[in-house]
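Asks: What the sequence shown shows, in the numbering used here, is residues 49 to 238, in sequence order.
Even for Gly, the Cβ is constructed at its ideal location relative to N, Cα and C.
Quick caveat: nothing in here was measured; it's all calculated off a predicted structure.
Supplied in structure tokens, the structure appears directly below.
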Amino acid sequence: MMLFLHDASLYLLYIALGLAVFLAIERTIFYTHASGQIKSLLTALKTKSPLPDFKEGDVGEVVAHAFANGLHPTTSQKVADDVAEQAFIRVQHQLNQHLWVLDTIVTAAPLLGLLGTILGIFDTFTALAKSGISDPQGVSAGIGTALLATAIGIGTALICLIVYNAFLAKVERLGDETKLALLQMSNQNN
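If you want it as structure tokens, here you go:
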């Protein structure tokens, strides 16, 4: 039974690592796409050319929609500020989407690894109690397998921590660029 639980903790770690890799790829694609949209909006504002068209739900569409529906010359500054703030909140939600999963993996992976180690060592001691210390290689292999869970847990957490922190920096930068675009739109029209 303990061996099953030890193996289950390893499989959970592998699933967490796979999920983290998937999210890292998805968020990288999303942030690259969003960054390009925000840059094209800023370029359009600087050159006073028409705003580009975006798919519904895109970061660029949220900002362009705010411009089209609330940031025009007849809009009061209060309404323009409210529209810009609403657009910024929607963009922030999109930028932060799914990051909680990486944060959870950073926290849970070492604990799952430790659980796997404890269960593996417990299984090793159970085998020792049944057969005595007649097989030192079996004991070493059991403890080595148990420590593997800790190594995988810590490794998974470190990888996810680096990716998570890189994404937080990207979210902050994209958020600042979005604020800049919204402020330029608001100032351009009022």
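Can you name the start and end residues of the alpha helix (DSSP H) that residue 126 belongs to?
Replies: 125-144
Asks: Just to confirm the assignment, what range does the alpha helix (DSSP H) spanning residue 118 have?
Replies: 107-118
Asks: If I measure Cβ to Cβ from residue 219 and keep anything under 7 Å in the same chain, skipping five residues before and after, which residues do I get?
Replies: 143, 144
Asks: One question on the structure: do residue 108 and residue 98 come within less than 8 Å of each other, judged by their Cβ atoms?
Replies: no
Asks: Return yes when the Cβ of residue 189 is within less than 8 Å of the Cβ of residue 61, no when it is not.
Replies: no
Asks: Enumerate, from N- to C-terminal direction, the unbroken beta strand (DSSP E) stretches of 3 or more residues contained entirely within the segment 142-212.
Replies: Counting whole runs of 3 or more residues, the segment 142-212 contains no beta strand (DSSP E) stretch at all.
Asks: Just tell me which of 129, 95, 138 has its CA closest to the CA of residue 106.
Replies: 138
Asks: Tell me which residues share the same chain as residue 241 and place their Cβ nearer than 8 Å to its Cβ, disregarding the 5 neighbours each side in the sequence.
Replies: In the structure as shown, the chain begins at 49 and stops at 238. Residue 241 is therefore absent and cannot be evaluated.
Asks: Determine, using beta-carbon pairs with one atom in the segment 78-93 and one in the segment 222-231, whether at least three such pairs fall under 8 Å.
Replies: yes
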